[in-house]
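Engineer: If you're matching positions, the sequence shown starts at 81 in our numbering and goes up one per residue. Starting off with a structure, shown below.
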Amino acid sequence: MEAVLISFGAHAMALEDKLRSRMKNIKHKLMVMSGKGGVGKSTIATLIALKFAMKGWKVGIMDADLHGPSVPKLLGVEDSYMYKEQYGLTPVIGPFGIKVVSIYFLLSNRRSPIIWRGPLKSAFIRQILAEVAWGALDLLVIDLPPGTGDEPLTIAQTVKDIDGSVVVTIPSKVSRIVVERAIEFSRALKVPIIGIVENMYEVICPVCGHRFKIFKGEAASEIAELLRVKVLGRIPFDPELSEACDKGALAQYLGRDTIVRREVELISKAIEDYLRGIEH
Numbered sequence: 081m082e083a084v085l086i087s088f089g090a091h092a093m094a095l096e097d098k099l100r101s102r103m104k105n106i107k108h109k110l111m112v113m114s115g116k117g118g119v120g121k122s123t124i125a126t127l128i129a130l131k132f133a134m135k136g137w138k139v140g141i142m143d144a145d146l147h148g149p150s151v152p153k154l155l156g157v158e159d160s161y162m163y164k165e166q167y168g169l170t171p172v173i174g175p176f177g178i179k180v181v182s183i184y185f186l187l188s189n190r191r192s193p194i195i196w197r198g199p200l201k202s203a204f205i206r207q208i209l210a211e212v213a214w215g216a217l218d219l220l221v222i223d224l225p226p227g228t229g230d231e232p233l234t235i236a237q238t239v240k241d242i243d244g245s246v247v248v249t250i251p252s253k254v255s256r257i258v259v260e261r262a263i264e265f266s267r268a269l270k271v272p273i274i275g276i277v278e279n280m281y282e283v284i285c286p287v288c289g290h291r292f293k294i295f296k297g298e299a300a301s302e303i304a305e306l307l308r309v310k311v312l313g314r315i316p317f318d319p320e321l322s323e324a325c326d327k328g329a330l331a332q333y334l335g336r337d338t339i340v341r342r343e344v345e346l347i348s349k350a351i352e353d354y355l356r357g358i359e360h
C-alpha cells in the first residue's frame, strides 16, 4: 500500500462521475449536525453508527470536522491510517466493521492544525468524497462540523439524496437560536429533518439515583414544538460515557445496560423507522 497523496487538480467532471459511482452503492445517508460546538454531536453520531452496526447494518461514518476530528478517538482507531489502493482510499475499519473516514487518518503530524481557507476545504471534501472506496453500505453517517459554514454546505450540496438530518442540542439558553439556524439550514438545502436529540438532558446521581438538571434553558420539546420537528431522544449526562469517550471505548460502553444505551436504542429505532418509511 502506498501513502496517501491528495491532488486538488483533478478534473471537476471526473470527480463528479467518480462521486456518483461511489454514492450509488450507499443505500441511506444521514447528516448529524449542531448549531454550535460542545454539545456532544460527534459522540451522538458515533453512538448512532455503532447502534446500527450492532444491528447488522453495513455502516460507514465520515468525520467531516477538518479542524477538530474526534470520531477516530471515540472508536479507538486513532492509531490507524488510510491508504490509497487500486480502487481508491480505503476506510479504516472500526468496531463492528464500521468503515471510518477522517482527515485525521491522512495527517503525518497529528498535532498540526489545519490552516485552510474555505475554497481549499471545499475542494478537499469533494475529493475525499469521490476517492473513498466505501463499497456497499446500508448507512453512511456524516458527522458535520458545528455551525453552517463551508464544510456542511459543501457536503450537503455534493452528496446527493441525503435522506435526512439529526440535530443535536443541549437544553441551554442559547440552544433555541442555534438549533433554529441548523434546522433552517437543513431545510434550505432540502434535507429533511428527522428530529432533535437532546444531549446532557439531566444528571443521574450514581449513589441515590436522584435526577437533576444541569442546564436551565428551553427543553428540546419546546424547541421542537416551535420548529415543528420531533424529539428523537434525550441522553443524560453520564460520567462513565465521558470516560468511555476518552478511552476510545464507546463500543464497549454501548454493550452495557445503561440509560444511555436505552435512549440510543430509541433514537436509532426512530431513525430506522424513518429510513424504512421513505423506501416505499
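The C-beta atom is built at its ideal place from N, Cα and C for all residues, glycine as well. Computed from a predicted model, the values in this text were never measured in an experiment.
Give the secondary structure of residue 225 by DSSP, where H, G and I count as helix, E and B as strand, and everything else as coil.
Structural biologist: Taking the sequence shown and counting its residues from 1, the one referred to as residue 225 is at position 145. The answer is coil: DSSP assigns residue 225 none of H, G, I, E or B.
Engineer: Kindly give me the distance between the Cβ atoms of residue 236 and residue 269, rounded to whole angstroms, as I take these residues to be in contact under 8 Å.
Structural biologist: Here the question's residue 236 lines up with position 156 in the sequence shown. Here the question's residue 269 lines up with position 189 in the sequence shown. Contact flag correct, Cβ pair sits at about 4 Å.
Engineer: Within the same chain, show all residues whose beta-carbon is closer than 6 Å to that of residue 284, passing over the 5 residues directly before and after it, in chain order.
Structural biologist: Walking along the sequence shown from the start, residue 284 turns up at place 204. Taken in chain order, the residues that qualify are 291 and 316.
Engineer: Along the alpha helix (DSSP H) that carries residue 212, what are the first and last residues, could you check?
Structural biologist: Locating residue 212 in the sequence shown gives position 132, counting from the first residue. Bounds of any alpha helix (DSSP H) do not take in residue 212, whose DSSP letter is neither H nor E.
Engineer: Could you pull out every residue in the same chain whose Cβ sits closer than 8 Å to the Cβ of residue 327, ignoring the five residues on either side in sequence?
Structural biologist: Translated into the one-based positions of the sequence shown, residue 327 becomes position 247. Correct list, in chain order: 156.
Engineer: Touch check for the region 104-118 and the region 219-227: three-plus C-beta pairs under 8 Å?
Structural biologist: Yes: the two stretches touch, three or more of their Cβ pairs being nearer than 8 Å.
Engineer: What ranges does the alpha helix (DSSP H) occupy inside the region 244-308, keeping only unbroken runs of at least 4 residues that lie completely in it?
Structural biologist: 255-268 and 300-307
Engineer: Taking the C-alpha atoms as reference points, what is the distance between residue 218 and residue 104?
Structural biologist: On the sequence shown, residue 218 is found 138 positions in, with the first residue counted as 1. On the sequence shown, residue 104 is found 24 positions in, with the first residue counted as 1. Cα-Cα distance, rounded: 11 Å.
Engineer: Excluding the 5 residues flanking residue 125 on each side, which residues of the same chain have their C-beta closer than 6 Å to its C-beta?
Structural biologist: Sequence index remark: in the sequence shown, residue 125 carries index 45 (1-based). Excluding residues within five positions, the ones whose Cβ falls inside 6 Å are 112, 221 and 223.
Engineer: Report the CB separation of residue 238 from residue 205 in whole angstroms; it is logged as a contact under 8 Å.
Structural biologist: Position 158 of the sequence shown, counted from the start, is the residue given in the question as residue 238. Position 125 of the sequence shown, counted from the start, is the residue given in the question as residue 205. Contact between residue 238 and residue 205 holds: their C-beta atoms lie close to 7 Å from each other, under 8 Å.
Engineer: Nearest by alpha-carbon distance to residue 143: which of 329, 130, 122 and 213 is it?
Structural biologist: Translated into the one-based positions of the sequence shown, residue 143 becomes position 63. With distances taken between Cα atoms, residue 143 lies closest to 122.
Engineer: Using only the alpha-carbon positions, how far apart do residue 332 and residue 178 sit?
Structural biologist: Here residue 332 refers to the residue found at position 252 when the sequence shown is read from its first residue. Here residue 178 refers to the residue found at position 98 when the sequence shown is read from its first residue. So the alpha carbons of these two residues sit roughly 14 Å apart.
Engineer: Assign residue 120 to one of three DSSP states: helix, strand, or coil.
Structural biologist: Locating residue 120 in the sequence shown gives position 40, counting from the first residue. Here DSSP, grouped into helix, strand and coil, assigns residue 120 to coil.
Engineer: Can you name the residues that DSSP bridges to residue 169?
Structural biologist: The count along the sequence shown starts at 1 and reaches residue 169 at position 89. According to DSSP, residue 169 bridges with 164 and 212.
Engineer: Residue 176 to residue 134, Cα distance in whole Å?
Structural biologist: As a first step, residue 176 must be located in the sequence shown, where it is residue number 96. As a first step, residue 134 must be located in the sequence shown, where it is residue number 54. C-alpha separation (whole angstroms): 6 Å.
Engineer: Check whether the region 265-279 and the region 303-315 touch, using three or more Cβ-Cβ pairs below 8 Å as the test.
Structural biologist: yes
Engineer: Tell me whether residue 312 sits in a helix, a strand or coil according to DSSP, three-state version.
Structural biologist: Position 232 of the sequence shown, counting from 1, holds the residue named residue 312. Correct three-state label for residue 312: strand.
Engineer: Just verifying my parser: in three-state terms, what is the DSSP assignment at residue 391?
Structural biologist: Residue 391 lies beyond the stretch modelled for the chain, which goes from 81 to 360, so this question has no answer here.
Engineer: Secondary structure at residue 218, three-state DSSP: helix, strand or coil?
Structural biologist: One-based indexing of the sequence shown puts residue 218 at position 138. Here residue 218 sits in strand by DSSP.
Engineer: Could you pull the start and end residues of the beta strand (DSSP E) that residue 109 belongs to?
Structural biologist: The residue you call residue 109 lines up with position 29 of the sequence shown. Where residue 109 is concerned, the enclosing beta strand (DSSP E) stretches over 106-113.
Engineer: What does the alpha-carbon distance come out to for the pair residue 88 and residue 211?
Structural biologist: On the sequence shown, position 8 is the one that residue 88 refers to. On the sequence shown, position 131 is the one that residue 211 refers to. Because residue 88 carries a pLDDT of 48, less than 50, the predicted location of this residue cannot be relied on, and the following value inherits that uncertainty. Each residue's Cα considered, the two are about 12 Å apart.
Engineer: Are the Cβ atoms of residue 160 and residue 151 separated by less than 7 Å?
Structural biologist: As a first step, residue 160 must be located in the sequence shown, where it is residue number 80. As a first step, residue 151 must be located in the sequence shown, where it is residue number 71. No. Outside cutoff.
Engineer: Pull up the distance between the alpha-carbon of residue 94 and that of residue 106, whole angstroms please.
Structural biologist: The sequence position of residue 94 within the sequence shown is 14, counting from 1. The sequence position of residue 106 within the sequence shown is 26, counting from 1. Using only the alpha carbons, I get a separation of about 19 Å.
Engineer: For residue 216, count the other beta carbons within 10 Å of its own beta carbon; 16 or more makes it buried, fewer makes it exposed. Which is it?
Structural biologist: One-based indexing of the sequence shown puts residue 216 at position 136. Exposed is the call here.
Engineer: Using the DSSP secondary-structure output, state which residues sit across from residue 317 in a beta bridge.
Structural biologist: In the sequence shown, residue 317 corresponds to position 237, counting from 1. Paired residues: 283.
Engineer: Tell me whether residue 322 sits in a helix, a strand or coil according to DSSP, three-state version.
Structural biologist: Reading the sequence shown from its first residue, position 242 is the one you call residue 322. Residue 322: helix per DSSP, three-state reduction.
Engineer: Suppose the cutoff is 6 Å on Cβ atoms and the five residues either side in sequence are ignored; what does the same chain contact list for residue 145 look like?
Structural biologist: By one-based count along the sequence shown, residue 145 stands at place 65. If we look at residue 145 and ignore the five residues flanking it on each side, its Cβ neighbours are 225.
Engineer: For residue 135, which three-state DSSP category applies?
Structural biologist: For the purposes of this step, residue 135 is taken as the residue at position 55 of the sequence shown. In the three-state reduction of the DSSP assignment, residue 135 falls in the coil class, being assigned neither a helical nor a strand state.
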